[in-house]
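Participant: Heads up, the sequence shown is in full-length UniProt numbering, so the first residue is 1 and it goes up one at a time.
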Amino acid sequence: MIRSMTGFGKAVAQLPGKKVSIEIKSLNSKGLDLNLRLPSSHREMEVEIRDVLASGVIRGKADISFFVELTGAEEAPAINAEIVKGYVRQLNTIARELGLESDVLSLAMRMPDALKNEPKEISEDERASILQTLNEAIEQFNGFRLREGEHLQNDLTGNINTIRDLLSKVPQYESERITTTRERMMKALEALEAKVDENRFEQELVFYLEKYDVNEEKVRLSGHLDHFEESLRESGVHGRKLGFISQEIGREINTLGSKANHVEMQKLVVGMKEELEKIKEQVLNVL
Numbered sequence: 001m002i003r004s005m006t007g008f009g010k011a012v013a014q015l016p017g018k019k020v021s022i023e024i025k026s027l028n029s030k031g032l033d034l035n036l037r038l039p040s041s042h043r044e045m046e047v048e049i050r051d052v053l054a055s056g057v058i059r060g061k062a063d064i065s066f067f068v069e070l071t072g073a074e075e076a077p078a079i080n081a082e083i084v085k086g087y088v089r090q091l092n093t094i095a096r097e098l099g100l101e102s103d104v105l106s107l108a109m110r111m112p113d114a115l116k117n118e119p120k121e122i123s124e125d126e127r128a129s130i131l132q133t134l135n136e137a138i139e140q141f142n143g144f145r146l147r148e149g150e151h152l153q154n155d156l157t158g159n160i161n162t163i164r165d166l167l168s169k170v171p172q173y174e175s176e177r178i179t180t181t182r183e184r185m186m187k188a189l190e191a192l193e194a195k196v197d198e199n200r201f202e203q204e205l206v207f208y209l210e211k212y213d214v215n216e217e218k219v220r221l222s223g224h225l226d227h228f229e230e231s232l233r234e235s236g237v238h239g240r241k242l243g244f245i246s247q248e249i250g251r252e253i254n255t256l257g258s259k260a261n262h263v264e265m266q267k268l269v270v271g272m273k274e275e276l277e278k279i280k281e282q283v284l285n286v287l
């Protein structure tokens, strides 16, 4: 079963005094591209968070956001008393010189470094809770990818079946193509008013038609279609493999088209190419 590279997952951790929400969103990408938005209070966990994400997301352009909401009383930040006193003295001096009245303490508290913002170390309990919540978000995320993958698989199977159906219609025009080619060549010779050795003509006609024989292309194309469908049912990462198989399908369809030499066969080939383009677009979103 295939999975889509498009995904979404969310999980929430209720911790003492705070709530941590984790969201994961992803789109298709050739490799793994993690865009992690982590609050400064949890920056010390960035390396281990990225390791967990790398093994869970695997591939795709993923945006991961951590939101921290305070829900209880927090210890008030400490005041840098000496720095605030210095601000007050300077502000009072300026106010007297200018003859102004102002709330210098309020101004001083808004000045840089008035409060001590010392980062707190994350406890082991909080660390474990966050990692558990991250894994829950990844599980939700991969469940979304799996559901999207089911839709992708149905679409791709439909495209493959359409190509297979078009391929099955090719043989009905092959005998007609021989007759049409023979008549066209005879008319050309009659127009030249040339005498024709019937045996030699038939030999040349067979030689000419051999160059347009498409049996090998039909067999190889059918084999590639089977391989594609088998790969859809395999477990594991599929995107790149399906991309390679679709390239092989395209080569056989192109060769079939170059050898067709028949209007109706060319129409079938065009239909196959249309379905193949849909496959290539869809495969880009397969994990």
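Glycine included, each C-beta is placed from N, C-alpha and C at the ideal position.
So, with DSSP's three-state summary, where would you put residue 245?
Facilitator: Of the three classes helix, strand and coil, the one that applies to residue 245 here is helix, per DSSP.
Participant: Is the distance from the Cβ of residue 217 to the Cβ of residue 276 below 8 Å?
Facilitator: Not a contact, by the Cβ cut-off of 8 Å.
Participant: Could you give the distance in angstroms between the alpha-carbon of residue 236 and the alpha-carbon of residue 167?
Facilitator: When rounded, the distance between both Cα atoms is 30 Å.
Participant: Taking just the CA atoms, how far does residue 91 sit from residue 97?
Facilitator: Cα to Cα, the separation comes out at about 10 Å.
Participant: For residue 180, tell me which candidate among 29, 263 and 14 has the shortest Cα-Cα distance.
Facilitator: Minimum Cα distance to residue 180 is reached at 263.
Participant: Where do the ends of the beta strand (DSSP E) carrying residue 23 lie?
Facilitator: That run of the beta strand (DSSP E) goes 18-27.
Participant: Can you tell which of 83, 132, 253 and 137 has the C-alpha that lies nearest to the C-alpha of residue 108?
Facilitator: Of the listed residues, the one whose Cα sits closest to residue 108 is 83.
Participant: How big is the Cα-Cα spacing for residue 23 and residue 65?
Facilitator: Their backbone Cα atoms lie some 5 Å apart in a straight line.
Participant: Quick one: what's residue 14 bridged to in DSSP?
Facilitator: The partner list for residue 14 (beta bridge, DSSP) reads 19.
Participant: Run the CB neighbour count on residue 215, radius 10 Å, all protein chains shown included, and call it buried at 16 or more, exposed below.
Facilitator: Flag for residue 215 reads exposed.
Participant: DSSP on residue 168, reduced to helix/strand/coil?
Facilitator: In the structure shown, residue 168 sits in a helix (DSSP, three-state: H, G or I).
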